[in-house]
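In terms of my numbering, the sequence shown opens at residue 113 and continues consecutively. The C-beta atom is built at its ideal place from N, Cα and C for all residues, glycine as well. Working notes for the structure below.
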Amino acid sequence: MRIYFSGAISGGREHLPVYQHIVARLKSQGHVILTEHVANAEALQRERDVPPRQVYRRDIDWLEQADVVIAEVSTPSLGVGYEIGHALQRGTPTLCVYREGLRVSKMITGHPSPHLTVAVYSDHRQLDDQIDAFLNRRALPA
(Lines of atoms letter the chains of each structure in order from A and count residues from 1; the text may use other names and numbers.)
(Lines give C-alpha, C1' and ligand atoms only; values in the text may rest on other atoms or scores of the structure.)
Protein backbone atom coordinates (compact mmCIF):
# COMPACT_ATOMS: atom_id res chain seq x y z
CA MET A 1 0.00 0.00 0.00
CA ARG A 2 1.21 3.55 -0.73
CA ILE A 3 1.02 5.54 2.49
CA TYR A 4 1.32 9.28 2.94
CA PHE A 5 2.63 9.70 6.49
CA SER A 6 2.08 13.13 7.99
CA GLY A 7 3.68 14.58 11.12
CA ALA A 8 4.84 17.99 12.26
CA ILE A 9 8.14 19.26 10.87
CA SER A 10 8.13 23.03 11.31
CA GLY A 11 5.58 22.91 14.13
CA GLY A 12 7.82 20.92 16.47
CA ARG A 13 9.69 17.63 16.52
CA GLU A 14 8.95 16.37 20.04
CA HIS A 15 7.16 13.29 18.67
CA LEU A 16 9.95 12.35 16.25
CA PRO A 17 10.58 8.96 17.96
CA VAL A 18 6.91 8.08 17.35
CA TYR A 19 7.20 9.13 13.69
CA GLN A 20 10.30 6.97 13.34
CA HIS A 21 8.53 4.00 14.93
CA ILE A 22 5.50 4.32 12.64
CA VAL A 23 7.53 4.67 9.44
CA ALA A 24 9.97 1.85 10.29
CA ARG A 25 7.14 -0.52 11.20
CA LEU A 26 5.11 0.25 8.07
CA LYS A 27 8.16 -0.20 5.86
CA SER A 28 8.93 -3.54 7.55
CA GLN A 29 5.42 -4.65 6.57
CA GLY A 30 6.17 -3.90 2.92
CA HIS A 31 4.30 -0.62 2.57
CA VAL A 32 5.68 2.22 0.48
CA ILE A 33 5.98 5.38 2.58
CA LEU A 34 5.80 8.31 0.18
CA THR A 35 6.86 10.77 2.89
CA GLU A 36 9.51 8.79 4.70
CA HIS A 37 11.53 11.99 5.17
CA VAL A 38 9.09 13.17 7.86
CA ALA A 39 10.64 10.61 10.24
CA ASN A 40 14.20 11.76 9.50
CA ALA A 41 15.85 13.63 12.38
CA GLU A 42 17.26 16.14 9.88
CA ALA A 43 13.97 16.81 8.07
CA LEU A 44 13.64 20.39 9.29
CA GLN A 45 17.15 21.26 8.17
CA ARG A 46 16.77 19.46 4.83
CA GLU A 47 13.46 21.19 4.09
CA ARG A 48 14.77 24.63 5.06
CA ASP A 49 16.19 25.46 1.61
CA VAL A 50 13.43 23.89 -0.49
CA PRO A 51 11.23 26.63 -1.98
CA PRO A 52 7.65 26.67 -0.61
CA ARG A 53 6.04 26.12 -4.03
CA GLN A 54 8.23 23.06 -4.59
CA VAL A 55 7.23 21.59 -1.21
CA TYR A 56 3.56 22.24 -1.95
CA ARG A 57 3.63 20.65 -5.41
CA ARG A 58 5.69 17.66 -4.22
CA ASP A 59 3.44 16.98 -1.25
CA ILE A 60 0.21 17.38 -3.25
CA ASP A 61 1.59 14.95 -5.83
CA TRP A 62 2.33 12.43 -3.06
CA LEU A 63 -1.11 12.93 -1.50
CA GLU A 64 -2.71 12.19 -4.86
CA GLN A 65 -0.67 8.97 -5.22
CA ALA A 66 -1.49 7.72 -1.72
CA ASP A 67 -3.87 4.85 -1.03
CA VAL A 68 -4.22 6.08 2.57
CA VAL A 69 -2.98 8.87 4.84
CA ILE A 70 -1.72 8.27 8.36
CA ALA A 71 -1.18 11.44 10.39
CA GLU A 72 0.33 11.70 13.87
CA VAL A 73 -1.44 14.80 15.19
CA SER A 74 -0.12 15.09 18.75
CA THR A 75 1.85 18.20 17.75
CA PRO A 76 -0.31 20.95 16.23
CA SER A 77 0.78 21.74 12.67
CA LEU A 78 -0.84 23.88 9.99
CA GLY A 79 0.75 21.75 7.28
CA VAL A 80 -0.52 18.47 8.74
CA GLY A 81 -4.01 19.94 9.07
CA TYR A 82 -3.91 21.09 5.46
CA GLU A 83 -2.77 17.64 4.29
CA ILE A 84 -5.60 15.97 6.23
CA GLY A 85 -8.16 18.37 4.73
CA HIS A 86 -6.84 17.76 1.22
CA ALA A 87 -6.92 13.99 1.68
CA LEU A 88 -10.48 14.03 3.02
CA GLN A 89 -11.66 16.28 0.21
CA ARG A 90 -10.30 13.68 -2.23
CA GLY A 91 -11.96 10.83 -0.30
CA THR A 92 -8.64 9.27 0.73
CA PRO A 93 -8.99 7.08 3.83
CA THR A 94 -7.21 8.95 6.62
CA LEU A 95 -6.15 7.89 10.10
CA CYS A 96 -5.25 10.53 12.68
CA VAL A 97 -3.54 9.21 15.80
CA TYR A 98 -2.54 11.13 18.91
CA ARG A 99 -1.09 10.45 22.33
CA GLU A 100 -3.60 9.95 25.14
CA GLY A 101 -4.04 12.98 27.37
CA LEU A 102 -3.27 15.59 24.71
CA ARG A 103 -5.80 18.03 23.31
CA VAL A 104 -6.26 17.85 19.58
CA SER A 105 -8.15 20.31 17.40
CA LYS A 106 -11.90 19.71 17.35
CA MET A 107 -11.71 20.33 13.60
CA ILE A 108 -10.07 16.89 13.49
CA THR A 109 -11.86 15.06 16.30
CA GLY A 110 -15.27 16.42 15.29
CA HIS A 111 -14.97 15.95 11.53
CA PRO A 112 -17.87 13.81 10.26
CA SER A 113 -16.17 12.39 7.14
CA PRO A 114 -16.67 8.64 6.66
CA HIS A 115 -13.09 8.63 5.33
CA LEU A 116 -11.64 9.79 8.67
CA THR A 117 -10.66 7.63 11.62
CA VAL A 118 -9.35 9.29 14.78
CA ALA A 119 -7.63 7.10 17.37
CA VAL A 120 -5.90 7.66 20.69
CA TYR A 121 -2.88 5.66 21.85
CA SER A 122 -1.00 5.37 25.14
CA ASP A 123 1.98 3.29 24.01
CA HIS A 124 3.56 1.77 20.90
CA ARG A 125 1.54 -1.44 21.21
CA GLN A 126 -1.75 0.42 21.19
CA LEU A 127 -0.52 2.69 18.39
CA ASP A 128 0.45 -0.36 16.31
CA ASP A 129 -2.96 -1.94 16.97
CA GLN A 130 -4.78 1.21 15.84
CA ILE A 131 -2.74 1.45 12.63
CA ASP A 132 -3.11 -2.27 11.89
CA ALA A 133 -6.89 -2.13 12.35
CA PHE A 134 -7.12 0.89 10.04
CA LEU A 135 -4.99 -0.73 7.33
CA ASN A 136 -6.76 -4.09 7.61
CA ARG A 137 -10.10 -2.37 6.90
CA ARG A 138 -8.55 -0.98 3.72
CA ALA A 139 -6.57 -3.98 2.53
CA LEU A 140 -6.63 -4.23 -1.23
CA PRO A 141 -8.08 -7.52 -2.51
CA ALA A 142 -5.50 -10.03 -3.71
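Val-130 burial status per 10 Å Cβ neighbour count (16 or more: buried): buried
Spatial neighbours of Gln-242 in its chain, beta-carbon cut-off 7 Å, leaving aside the 5 residues before and after: Val-209, Ala-231, Tyr-233
Opening and closing residue of the alpha helix (DSSP H) in which Thr-221 lies: 218–221
Proximity winner among Ala-251, Ser-122, Thr-204, Pro-205, relative to Arg-160 (alpha-carbon distances): Ser-122
7 Å Cβ shell around Ala-254 - same chain, five flanking residues per side excluded: Low local confidence applies: a pLDDT of 44 at Ala-254 is under 50, so the model's placement there is unreliable, and no value is given.
Neighbour-count burial assignment, Glu-126, 16 or more Cβ in a 10 Å radius: exposed
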